[in-house]
(Lines of atoms letter the chains of each structure in order from A; the text may use other names.)
(Lines give C-alpha, C1' and ligand atoms only; values in the text may rest on other atoms or scores of the structure.)
Protein backbone atom coordinates (compact mmCIF):
# COMPACT_ATOMS: atom_id res chain seq x y z
CA UNK A 58 0.00 0.00 0.00
CA UNK A 59 2.83 2.39 0.79
CA UNK A 60 4.17 1.67 -2.68
CA UNK A 61 0.96 3.04 -4.19
CA UNK A 62 1.09 6.23 -2.16
CA UNK A 63 4.81 6.88 -2.52
CA UNK A 64 7.16 5.78 -5.25
CA UNK A 65 10.55 7.51 -5.63
CA UNK A 66 10.46 6.71 -9.35
CA UNK A 67 7.55 9.11 -9.71
CA UNK A 68 9.89 12.03 -9.14
CA UNK A 69 12.35 10.67 -11.68
CA UNK A 70 9.64 10.68 -14.35
CA UNK A 71 7.67 13.76 -13.38
CA UNK A 72 10.01 15.85 -11.22
CA UNK A 73 11.97 17.56 -14.03
CA UNK A 74 8.78 18.50 -15.87
CA UNK A 75 7.15 19.75 -12.67
CA UNK A 76 10.11 22.07 -12.15
CA UNK A 77 9.85 23.15 -15.79
CA UNK A 78 6.14 23.93 -15.38
CA UNK A 79 6.81 25.94 -12.22
CA UNK A 80 9.58 27.85 -13.98
CA UNK A 81 7.26 28.55 -16.92
CA UNK A 82 4.62 30.00 -14.60
CA UNK A 83 7.23 32.16 -12.89
CA UNK A 84 8.56 33.26 -16.29
CA UNK A 85 5.18 34.30 -17.71
CA UNK A 86 4.30 36.29 -14.60
CA UNK A 87 7.69 38.00 -14.64
CA UNK A 88 7.48 38.74 -18.36
CA UNK A 89 3.97 40.14 -18.01
CA UNK A 90 5.03 42.33 -15.08
CA UNK A 91 8.05 43.59 -17.02
CA UNK A 92 6.11 44.60 -20.12
CA UNK A 93 3.14 45.86 -18.13
CA UNK A 94 5.55 48.69 -17.36
CA UNK A 95 6.09 49.46 -21.05
CA UNK A 96 3.36 51.96 -22.04
CA UNK A 97 2.20 52.11 -25.64
CA UNK A 98 2.70 55.35 -27.52
CA UNK A 99 -0.85 55.07 -28.84
CA UNK A 100 -2.14 55.00 -25.25
CA UNK A 101 -4.79 52.35 -25.97
CA UNK A 102 -5.93 49.96 -23.24
CA UNK A 103 -6.49 46.23 -23.42
CA UNK A 104 -10.23 46.90 -23.56
CA UNK A 105 -9.73 49.31 -26.46
CA UNK A 106 -7.66 46.76 -28.36
CA UNK A 107 -10.18 43.98 -27.78
CA UNK A 108 -13.07 46.16 -28.96
CA UNK A 109 -11.10 47.29 -32.02
CA UNK A 110 -10.15 43.74 -33.03
CA UNK A 111 -13.64 42.35 -32.56
CA UNK A 112 -15.29 45.22 -34.39
CA UNK A 113 -12.85 45.15 -37.32
CA UNK A 114 -13.22 41.36 -37.56
CA UNK A 115 -17.00 41.54 -37.85
CA UNK A 116 -17.62 40.27 -34.32
CA UNK A 117 -19.23 43.24 -32.53
CA UNK A 118 -21.64 40.88 -30.73
CA UNK A 119 -18.80 39.18 -28.82
CA UNK A 120 -18.90 40.62 -25.32
CA UNK A 121 -15.96 41.90 -23.29
CA UNK A 122 -16.16 41.39 -19.53
CA UNK A 123 -13.90 41.77 -16.52
CA UNK A 124 -12.70 38.67 -14.67
CA UNK A 125 -11.12 38.44 -11.23
CA UNK A 126 -7.56 37.29 -10.69
CA UNK A 127 -4.23 37.97 -12.34
CA UNK A 128 -3.83 36.37 -15.77
CA UNK A 129 -7.23 34.73 -15.54
CA UNK A 130 -8.00 36.01 -19.03
CA UNK A 131 -9.88 33.66 -21.34
CA UNK A 132 -12.45 33.37 -24.10
CA UNK A 133 -15.69 31.54 -23.31
CA UNK A 134 -17.10 30.00 -26.51
CA UNK A 135 -20.35 28.98 -24.80
CA UNK A 136 -21.32 32.63 -24.21
CA UNK A 137 -19.08 34.22 -26.87
CA UNK A 138 -17.39 36.36 -24.24
CA UNK A 139 -13.82 37.63 -23.96
CA UNK A 140 -13.01 37.91 -20.25
CA UNK A 141 -10.05 40.07 -19.30
CA UNK A 142 -8.41 40.64 -15.92
CA UNK A 143 -8.27 44.14 -14.48
CA UNK A 144 -4.58 44.48 -15.37
CA UNK A 145 -5.32 43.68 -19.01
CA UNK A 146 -8.66 45.46 -19.31
CA UNK A 147 -7.35 48.79 -18.06
CA UNK A 148 -3.65 48.39 -18.83
CA UNK A 149 -2.14 50.55 -21.56
CA UNK A 150 0.98 48.49 -22.10
CA UNK A 151 2.57 45.96 -24.43
CA UNK A 152 1.62 43.20 -21.99
CA UNK A 153 -2.05 44.22 -21.82
CA UNK A 154 -2.29 44.47 -25.60
CA UNK A 155 -0.67 41.05 -26.05
CA UNK A 156 -3.10 39.26 -23.75
CA UNK A 157 -6.19 41.10 -25.03
CA UNK A 158 -5.28 40.36 -28.65
CA UNK A 159 -4.58 36.72 -27.82
CA UNK A 160 -8.03 36.21 -26.29
CA UNK A 161 -9.63 37.90 -29.28
CA UNK A 162 -7.66 35.44 -31.39
CA UNK A 163 -9.70 32.69 -29.73
CA UNK A 164 -12.91 34.54 -30.61
CA UNK A 165 -11.77 34.62 -34.24
CA UNK A 166 -10.97 30.89 -34.12
CA UNK A 167 -14.47 30.22 -32.83
CA UNK A 168 -16.14 32.37 -35.46
CA UNK A 169 -14.12 30.80 -38.28
CA UNK A 170 -14.67 27.22 -37.10
CA UNK A 171 -11.02 26.52 -36.33
CA UNK A 172 -10.95 22.73 -36.12
CA UNK A 173 -8.55 22.31 -33.21
CA UNK A 174 -10.66 24.65 -31.10
CA UNK A 175 -13.80 22.70 -31.93
CA UNK A 176 -12.09 19.50 -30.80
CA UNK A 177 -10.86 21.10 -27.58
CA UNK A 178 -14.31 22.50 -26.81
CA UNK A 179 -15.82 19.05 -27.34
CA UNK A 180 -13.25 17.52 -24.98
CA UNK A 181 -13.89 19.98 -22.14
CA UNK A 182 -16.93 18.19 -20.61
CA UNK A 183 -15.20 14.81 -20.94
CA UNK A 184 -12.02 16.02 -19.25
CA UNK A 185 -14.01 17.81 -16.55
CA UNK A 186 -15.93 14.60 -15.81
CA UNK A 187 -12.74 12.56 -15.65
CA UNK A 188 -11.11 15.11 -13.35
CA UNK A 189 -14.20 15.22 -11.12
CA UNK A 190 -14.25 11.45 -10.75
CA UNK A 191 -10.50 10.94 -10.61
CA UNK A 192 -9.85 12.37 -7.14
CA UNK A 193 -12.38 10.25 -5.19
CA UNK A 194 -11.40 7.23 -7.28
CA UNK A 195 -7.75 7.81 -6.39
CA UNK A 196 -8.49 8.32 -2.69
CA UNK A 197 -10.74 5.31 -2.29
CA UNK A 198 -9.29 3.18 -5.06
CA UNK A 199 -5.91 2.77 -3.41
CA UNK A 200 -7.62 1.07 -0.46
CA UNK A 201 -10.52 -0.74 -2.11
CA UNK A 202 -9.29 -2.11 -5.44
CA UNK A 203 -6.28 -4.15 -6.63
CA UNK A 204 -3.28 -2.12 -7.73
CA UNK A 205 -3.73 -2.94 -11.42
CA UNK A 206 -7.25 -1.51 -11.35
CA UNK A 207 -6.01 1.56 -9.52
CA UNK A 208 -3.20 2.00 -12.06
CA UNK A 209 -5.67 1.67 -14.94
CA UNK A 210 -7.77 4.46 -13.44
CA UNK A 211 -4.64 6.62 -13.31
CA UNK A 212 -3.77 5.77 -16.93
CA UNK A 213 -7.24 6.75 -18.14
CA UNK A 214 -7.20 10.01 -16.17
CA UNK A 215 -3.78 11.10 -17.38
CA UNK A 216 -4.44 9.94 -20.94
CA UNK A 217 -7.49 12.20 -21.06
CA UNK A 218 -5.51 15.08 -19.61
CA UNK A 219 -2.60 14.59 -21.99
CA UNK A 220 -4.92 14.45 -25.00
CA UNK A 221 -6.54 17.70 -23.92
CA UNK A 222 -3.15 19.37 -23.49
CA UNK A 223 -2.01 18.18 -26.91
CA UNK A 224 -5.12 19.59 -28.57
CA UNK A 225 -4.70 22.83 -26.62
CA UNK A 226 -1.20 23.51 -27.98
CA UNK A 227 -2.16 24.37 -31.59
CA UNK A 228 -5.15 26.37 -30.33
CA UNK A 229 -2.98 28.57 -28.12
CA UNK A 230 -0.12 28.93 -30.60
CA UNK A 231 -2.52 29.87 -33.39
CA UNK A 232 -4.25 32.45 -31.20
CA UNK A 233 -0.88 34.03 -30.42
CA UNK A 234 0.07 34.08 -34.10
CA UNK A 235 -3.22 35.80 -34.91
CA UNK A 236 -2.63 38.30 -32.11
CA UNK A 237 0.85 39.22 -33.34
CA UNK A 238 -0.36 39.60 -36.92
CA UNK A 239 -3.37 41.75 -35.97
CA UNK A 240 -1.42 44.06 -33.65
CA UNK A 241 1.30 44.53 -36.27
CA UNK A 242 -1.10 45.24 -39.11
CA UNK A 243 -3.29 47.59 -37.07
CA UNK A 244 -0.42 49.85 -36.06
CA UNK A 245 -1.43 49.60 -32.40
CA UNK A 246 2.18 48.98 -31.36
CA UNK A 247 5.49 50.17 -32.77
CA UNK A 248 8.20 47.74 -33.86
CA UNK A 249 9.96 48.32 -30.53
CA UNK A 250 6.76 47.69 -28.56
CA UNK A 251 6.10 44.53 -30.58
CA UNK A 252 9.17 42.99 -28.93
CA UNK A 253 7.29 43.04 -25.63
CA UNK A 254 4.09 41.76 -27.22
CA UNK A 255 5.94 38.77 -28.68
CA UNK A 256 7.81 37.98 -25.47
CA UNK A 257 4.62 37.97 -23.40
CA UNK A 258 2.89 35.64 -25.87
CA UNK A 259 5.91 33.34 -26.21
CA UNK A 260 6.21 33.06 -22.42
CA UNK A 261 2.50 32.25 -22.16
CA UNK A 262 2.80 29.64 -24.90
CA UNK A 263 5.65 27.94 -23.07
CA UNK A 264 3.42 27.37 -20.02
CA UNK A 265 1.11 25.25 -22.19
CA UNK A 266 4.05 23.29 -23.59
CA UNK A 267 5.42 22.66 -20.09
CA UNK A 268 2.01 21.52 -18.84
CA UNK A 269 1.71 19.13 -21.78
CA UNK A 270 5.13 17.61 -21.10
CA UNK A 271 4.34 17.16 -17.41
CA UNK A 272 1.01 15.49 -18.17
CA UNK A 273 2.69 13.19 -20.69
CA UNK A 274 5.39 12.30 -18.15
CA UNK A 275 2.73 11.36 -15.58
CA UNK A 276 0.98 9.23 -18.19
CA UNK A 277 4.22 7.42 -19.07
CA UNK A 278 4.92 6.85 -15.37
CA UNK A 279 1.56 5.16 -14.86
CA UNK A 280 1.88 3.16 -18.07
CA UNK A 281 5.20 1.82 -16.80
CA UNK A 282 3.99 1.21 -13.28
CA UNK A 283 0.85 -0.56 -14.47
CA UNK A 284 2.93 -2.86 -16.64
CA UNK A 285 1.50 -1.65 -19.94
CA UNK A 286 5.04 -0.52 -20.82
CA UNK A 287 8.04 -2.58 -19.75
CA UNK A 288 6.25 -5.66 -18.46
CA UNK A 289 4.31 -6.42 -15.29
CA UNK A 290 4.85 -4.58 -12.05
CA UNK A 291 4.01 -6.20 -8.73
CA UNK A 292 2.87 -3.36 -6.48
CA UNK A 293 0.83 -4.39 -3.51
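Numbering (this note's numbering), first residue to last: 58 to 293.
Where a beta carbon is used, it is the ideal one built from N, C-alpha and C, also for glycine.
- Measuring C-alpha to C-alpha distances from residue 97 to each of 248, 276, 204 identifies 248 as the nearest.
- When secondary structure is reduced to three states using DSSP, residue 171 falls in the coil class, being assigned neither helix nor strand.
- Residue 105 carries a helical assignment under DSSP once its states are collapsed to helix, strand and coil.
- Under the three-state reduction of DSSP output, residue 141 falls in the strand class.
- In this structure residue 78 does not touch residue 260 by the C-beta definition: roughly 13 Å separates them, more than the 8 Å allowed.
- Here DSSP, grouped into helix, strand and coil, assigns residue 120 to strand.
- For residue 133, the uninterrupted beta strand (DSSP E) segment begins and ends at 131-133.
- Residue 95: not part of any alpha helix (DSSP H); DSSP gives it neither H nor E.
- Between residue 141 and residue 121, the CB-CB gap stays under 8 Å.
- The beta carbon of residue 209 sits closer than 7 Å to those of 283, all from its chain and outside the five residues before and after it, given in chain order.
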